[in-house]
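Since the structure comes first, as structure tokens, the remarks are kept for the end.
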Amino acid sequence: MRNILDIALNDLRIFFSERGNLISLTVVPIFMSVALGIAFGGSFGGGGSASEPIRYRMDVVDNDNSATSQQFIDKLRQTEILIVCPADENCELADDTVTVEQSIERLQSNDIISAIVIPENFEADLQAFEEVSLTYYTNENIQTGTPVGSAVNALLEEMNSAFVAGRVGVLIGEGFGGFEDDAEREAFRQDVYDRATIMFEDTPLNIRYILTEQGEQSAADVGTGFGQSIPGIGAMQVLFTVLTGLVTLIRERKQWTLQRLTVMPLTRAEILGGKILTYFVLGMIQYAILLAVGLFVGVDYGDSILALLILVSAFVLCSTALTFALATRVTSEDQANSLATLLGLILAPLGGAWWPLAIVPDFMNVIGHISPVAWVMDGFNDLIFFGGGLVEILPEVGVLLVASAVLFAFAISGFQFGD
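Per this note's numbering, residue 7 is the first one in the sequence shown, and the count goes up by one each step.
Here you go:
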């Protein structure tokens, strides 16, 4: 183990002795991530963080105009990420009302991200515990999950559980002597409803989703800010940093550096382990720098530091394995340089480093997951936007580790220490 560490430390010393490497490791990725984060709607101190989330404009068409429908709208307005129209300011409406037709037009022109239609008899049907459907028009990708959809679903679960609790409370009250009149029964039900906090599986309220046709969306419409740019540019720069090892390995082979190591009292496993450790450490340093920048601009990576560490480690390991697998097939520095640049420029955008995969067509989303970048970005989305932890990122980590094992097996079996 000491020999592996010595080889890695020596290689890292050589790497950091070149000023150009320091610039590519720090200045370039920091500039790119901040610039892209601002382009995606981020702001310093927010832009993807839980402390100052991005806000999305939503229309609510209230066809019931009841106390319960107004309560639903008020709860939507309390959601930090929503601007509820026409109730809130900055709705860009000609008057204080909005119709379904107007909302669809606003969706198609990307003035709003979604619209909810509250049906007539909303309050009466809920109180009678009848099934009620809200119509939800959206420009979001329903299959991949979104902050707005998650916020609305969470609110519906809260209201559903409260109505169920109120209904059950009335039934229990009737079983213990009943109520003097309907007014007392309704007052009791309302009191239980106001106090209810328990979630129930049998929910009478649901959403019927309608995906509207729309024009081209801008980055601001998607609006993931620094929560997109920091992990995305981090993944891209890790790829570039680790893949440059491909050039270094070819150069060392041509200069007989690797061959000289083989005549020293070192096993080939120690030599290969030292080289692998070098590029793994470089990748982790690259991520550490950009994640620190993310903290500075306000990105909230969630509550599990362990989950974050495991996720980035799995991606860096996969990138390192890819580098050594390619080293078995490349024979010249020119080939290595071209291949490293080409792969970085293809795998990064394909995997969602430059823009969220939620905005691309479904078939491109599937193709994008050929890239390891897509899997680490899925993991970051789970942590940053959906409050996930270690359990939620295990599928992504599992895919990255399996890919690493396959690539390392291919690399070790065919790695050449000399010509």
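Virtual Cβ for every residue (Gly too), placed ideally from N, Cα, C.
Residue closest to A193, alpha-carbon to alpha-carbon, out of N16, M242 and Q133: Q133
Less than 8 Å separating the beta-carbons of G289 and T254? no
Can you check whether the CB of Y143 is closer than 8 Å to the CB of L113? yes
Which whole-angstrom value describes the C-beta separation of S75 and F128, a residue pair presumed to lie in contact below a C-beta threshold of 8 Å? 5 Å
Whole-angstrom distance between E276 and H375, CA atom to CA atom: 33 Å
Taking the C-alpha atoms as reference points, what is the distance between F50 and G357? Confidence is the limiting factor: at F50 the pLDDT is only 44, short of 50, which leaves the residue's position unreliable, though a coordinate-based value still follows. Whole-angstrom Cα-Cα distance: 26 Å.
Between the alpha carbons of G279 and I10, how many angstroms are there, rounded? 6 Å
Going by the DSSP bridge assignment, what does L406 pair with across the sheet? For L406, which the question treats as bridged, DSSP gives no partner whatsoever.
Can you tell me whether S97 is helix, strand or coil according to DSSP? The sequence given here places Cys at residue 97; Ser does not occur at that position. Note: C97 maps to coil in three-state DSSP.
Between which residues of its own chain and V382 is the CB-CB distance below 6 Å, once the five residues before and five after are set aside? A241 and F321
Under the three-state DSSP convention, the category D117 falls into: coil
Given a threshold of 16 other Cβ atoms within 10 Å of its Cβ, counted over all protein chains shown, does I204 qualify as buried or as exposed? Only weak support exists for where I204 lies, its pLDDT of 42 falling under 50; the coordinates are left without a value.
Would you please state the rounded distance, in angstroms, between the beta carbons of T247 and A14? I believe it to be under 8 Å. Wrong, their Cβ atoms sit about 15 Å apart, outside the cutoff.
Which stretch, first to last residue, makes up the beta strand (DSSP E) that contains M64? Y62 to D68
Does the distance between the C-beta of L28 and the nearest non-hydrogen atom of the ligand GDP fall short of 7 Å? The ligand GDP is not part of this structure, which contains no ligands at all.
Count the other CB atoms, across all protein chains shown, that sit within 10 Å of the CB of V90; report buried if there are 16 or more and exposed otherwise. buried
Going by C-alpha to C-alpha distance, which of I311, D94, P92 and V66 sits closest to V158? V66
Less than 8 Å between the beta carbons of V138 and M64, yes or no? no
Is the beta carbon of A409 sitting closer than 8 Å to the one on C324? yes
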